[in-house]
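For the sequence shown, our numbering assigns the number 4 to the initial residue and increments by one for each residue that follows. Even glycine gets a Cβ: it sits at the ideal position worked out from N, Cα and C. These numbers were taken from a predicted model, which means no experiment stands behind them. Heads up: the structure comes next, in structure tokens.
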Amino acid sequence: MREGLYVATYGLAHRLDGRGYAVACGGRLYCINPMQGFAGSYVVLGQRIMGTVRLIHQLDAVPRKGNIVVNFDGRIEGPTVIIDGSAKDPGALPFHAIMTWISA
């Protein structure tokens, strides 16, 4: 996985309705747009990526961390990273993201 700037599409339960830019660097991953996003850490093993992110949302222009923590596995296909995650909370929906590298 390349470090740098990514264009990301993400969402819960196969609804990829979030869009924004993601930054991956030094094992940390940040994807924040004006209303929602995620932040966390990752490790790369060959063509696989694994880690944990916390979903983030905003209410009344004040950023708040969501209480949904997602453990994820994913795969790296060239400049694209595909993440499939399952939330630690039993009733939470699965988290998915597709990120395409655009710049270092």
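Going by the DSSP bridge assignment, what does residue i pair with across the sheet?
{"i": "residue 102", "result": "11, 84"}
{"i": "residue 2", "result": "Here the chain comprises residues numbered 4 to 107, so residue 2 is not present and cannot be evaluated."}
{"i": "residue 31", "result": "28, 44"}
{"i": "residue 58", "result": "41"}
{"i": "residue 79", "result": "84"}
Cβ atoms of residue j and residue i: under 7 Å apart, would you say?
{"i": "residue 44", "j": "residue 21", "result": "no"}
{"i": "residue 71", "j": "residue 12", "result": "no"}
{"i": "residue 7", "j": "residue 23", "result": "no"}
Please classify residue i: does DSSP put it in a helix, a strand, or coil?
{"i": "residue 51", "result": "strand"}
{"i": "residue 107", "result": "coil"}
{"i": "residue 5", "result": "coil"}
To the nearest angstrom, report how far apart residue i and residue j are at their CA atoms.
{"i": "residue 54", "j": "residue 106", "result": "22 Å"}
{"i": "residue 49", "j": "residue 80", "result": "11 Å"}
{"i": "residue 28", "j": "residue 58", "result": "18 Å"}
{"i": "residue 78", "j": "residue 99", "result": "12 Å"}
{"i": "residue 9", "j": "residue 103", "result": "5 Å"}
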